[in-house]
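Input: a single structure, listed below in structure tokens.
Protein chains: 2
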Amino acid sequence: MFAESHGPQMSQQTKKLQVGILVCPGFAIVDTIGIHSVFGFTPDAEVHLLWKDKGMIEAIPRFPVHATTTFSESPRDFDVLCVGACPDEILRDEETLAFLKDRGSRAGYLVGVCSGSLILGAAGLLEGYRATSNFHVMDLLPHFGAIPTRQNVVIDRNRYTSGPATGGFDCGLRVLEKLRGEEAAKISELSMEYIAQPPFGTGSPELAGPELTRKALQLFAHFTEGTRRTVRELPSRRAS
Amino acid sequence: MFAESHGPQMSQQTKKLQVGILVCPGFAIVDTIGIHSVFGFTPDAEVHLLWKDKGMIEAIPRFPVHATTTFSESPRDFDVLCVGACPDEILRDEETLAFLKDRGSRAGYLVGVCSGSLILGAAGLLEGYRATSNFHVMDLLPHFGAIPTRQNVVIDRNRYTSGPATGGFDCGLRVLEKLRGEEAAKISELSMEYIAQPPFGTGSPELAGPELTRKALQLFAHFTEGTRRTVRELPSRRAS
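Protein chains in written order, with full-length UniProt numbering: chain A, 1 to 240; chain B, 1 to 240.
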């Protein structure tokens, strides 16, 4: 899909949905792309890529990108606010956490993809909520008072959390259904031809078995070590 | 997933895989992200985001990005070369088509996601190959001598084509299996927790039915009109 302009024309009757997605140096671009695509192709929706400034950001894996909207330019009220995996620095970044806490406390729906749920947790937004993350770090959720729940998508009230990558499509489509109805969400799923066919059936530790899981954990240990260390050092926000 | 550096360290024994992904003004970022993620997180692989220059590019939906590698800096031999949906201008852009034809004729594997397959076709790389695209434009494939085949992923020799979005994950994992073996591909699928759960089961015209399909075609007509017009105006490359 593509266009010379900015997508389907806005009808005058509908209020534009405001959708915010956090981007930051070292963020995992794949985690954001499901929400970005679902709402970016939805008529009457405005997607903001949010960061402190609009300088160049290197995503992980390497993809040089820019925010479209700074924290200070950001809308006050989001219909959807989404956070994917970011480096562990974000878990200690008071400016970002304060921003997320403020916007998140008023947002219609909060989406945490992959270890983005830990960031929502660090911003105090998951206390008492059931939530998921990736299998490498989901044991850290209780540090923030969240209740780890091993599912691809976990919905608790207006908090939607998921595993990485396609978890963002799954959350995005479900949130779109709430905001714009089932037909709009079905058309979005159709337009993306979202009939993913994972070739190996090894998309979870339960499916892949302990040997492959051990190797995957090892291969990505350098990605997750910092997060584990940082969360352990954070003052606990566990609800008593 | 994330890291402060550029992913798993390179072993000295293995030749780095060279992976190229075309980016251009108005490209559909979602189509590229599967390949980008599969190979970006693969040890000993180098992913090049290819365009004429490194200035800012607006993806569709809006996402300001940059190429990492210009055509003139590009490796000569790619293990994988991938093209997703781009605006119809690309179908007439002789510089880009010449670049793709040259690199594509030598690449180990060619991947066309969504209407990226039409661009491979315009570069003369699909003559006599079975291929797919998105349902809006796949009837245009014969213009380039390709044989339209209605499947999520179509593999014909070293040409891998797919529908949009998650089609890139499906192709990427299958190509990774060829290049690095089944275990590496299984671990990649696991690391992305690629167990997509489309909530509505409407990810194809066959699943969604004629009424929703008509609405989706209508909603995206302004995206596809230009492509239809441009392809009709191109000199036919149909074999014989």
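Glycine is no exception: its CB is placed at the ideal position from the N, C-alpha and C atoms.
Contacts around residue i, its chain only, beta-carbon distance under 7 Å, and the 5 residues preceding and following it disregarded
i: residue 202 (chain A); result: 208 and 212
i: residue 221 (chain A); result: none
i: residue 165 (chain A); result: 30 and 31
i: residue 90 (chain A); result: 24, 96 and 119
i: residue 206 (chain B); result: none
Residues of its chain near residue i, where Cβ-Cβ distance is below 8 Å and the 5 sequence neighbours each way are ignored
i: residue 5 (chain B); result: Confidence at residue 5 (chain B) is low in this model, with a pLDDT of 41, below 50, so its placement is unreliable and the value that follows should be read with caution. Same-chain partners within the cutoff: there are none.
i: residue 184 (chain A); result: 42, 176 and 177
i: residue 160 (chain B); result: 109, 110, 111, 112, 153, 154, 171, 174 and 175
i: residue 53 (chain B); result: 67 and 70
i: residue 56 (chain B); result: 64, 65 and 66
i: residue 76 (chain A); result: 103 and 106
i: residue 15 (chain A); result: 44
Cβ distance (whole Å) where residue i is taken to contact residue j below 8 Å
i: residue 83 (chain A); j: residue 29 (chain A); result: That belief does not hold up - the Cβ atoms of residue 83 (chain A) and residue 29 (chain A) are roughly 13 Å apart, past 8 Å.
i: residue 228 (chain B); j: residue 97 (chain B); result: Contact flag wrong, Cβ pair sits at about 18 Å.
Beta-carbon spacing of residue i, residue j below 8 Å
i: residue 23 (chain B); j: residue 67 (chain B); result: yes
i: residue 124 (chain A); j: residue 81 (chain A); result: no
i: residue 17 (chain A); j: residue 58 (chain A); result: no
i: residue 156 (chain B); j: residue 130 (chain B); result: yes
i: residue 218 (chain B); j: residue 152 (chain A); result: no
i: residue 78 (chain A); j: residue 122 (chain A); result: no
i: residue 133 (chain A); j: residue 61 (chain B); result: no
i: residue 167 (chain A); j: residue 86 (chain A); result: no
i: residue 204 (chain A); j: residue 195 (chain B); result: yes
i: residue 186 (chain A); j: residue 200 (chain B); result: yes
i: residue 74 (chain A); j: residue 50 (chain A); result: yes
i: residue 269 (chain B); j: residue 179 (chain A); result: What is shown of chain B runs 1 to 240, which leaves residue 269 (chain B) out entirely.
i: residue 33 (chain B); j: residue 33 (chain A); result: yes
Residue i, enclosing beta strand (DSSP E) - first and last residue
i: residue 159 (chain B); result: 159 to 162
i: residue 65 (chain B); result: 63 to 65
i: residue 82 (chain B); result: 80 to 83
i: residue 156 (chain A); result: 153 to 156
i: residue 113 (chain B); result: 109 to 113
First through last residue of the alpha helix (DSSP H) which encompasses residue i
i: residue 210 (chain A); result: 205 to 219
i: residue 36 (chain A); result: 29 to 40
i: residue 193 (chain B); result: No alpha helix (DSSP H) contains residue 193 (chain B), which DSSP labels as neither H nor E.
i: residue 119 (chain A); result: 116 to 122
i: residue 172 (chain A); result: 167 to 180
Beta-carbon contacts of residue i that lie in its chain and below 6 Å, excluding the five residues immediately before and after
i: residue 12 (chain A); result: The predicted position of residue 12 (chain A) is uncertain, since its pLDDT is 48 and thus under 50; a value taken from the coordinates is nonetheless stated next. So the list is empty, once near-sequence residues are dropped.
i: residue 192 (chain B); result: none
i: residue 40 (chain B); result: 47
i: residue 231 (chain B); result: 140 and 143
i: residue 10 (chain A); result: Residue confidence for residue 10 (chain A) is low, a pLDDT of 44 falling below 50, so the modelled location carries little weight and cannot support an answer.
i: residue 88 (chain B); result: 226, 227 and 230
i: residue 147 (chain B); result: 130
i: residue 149 (chain A); result: 130 and 132
i: residue 27 (chain B); result: 59 and 86
i: residue 163 (chain B); result: 134 and 152
i: residue 1 (chain B); result: Residue placement at residue 1 (chain B) is poorly supported in this model, since its pLDDT is 43, which falls under 50; the coordinates are not used for a value here.
i: residue 234 (chain A); result: none
i: residue 137 (chain B); result: 115, 224 and 227
Bridge-paired residues (DSSP) for residue i
i: residue 46 (chain A); result: A:18
i: residue 148 (chain B); result: B:131
i: residue 96 (chain A); result: Partner(s): none; residue 96 (chain A) has no beta bridge.
i: residue 56 (chain A); result: A:66
The ligand FMN heavy atom lying under 7 Å from the CB of residue i
i: residue 162 (chain A); result: Looking at this structure, you won't find the ligand FMN or any other ligand, since it has none at all.
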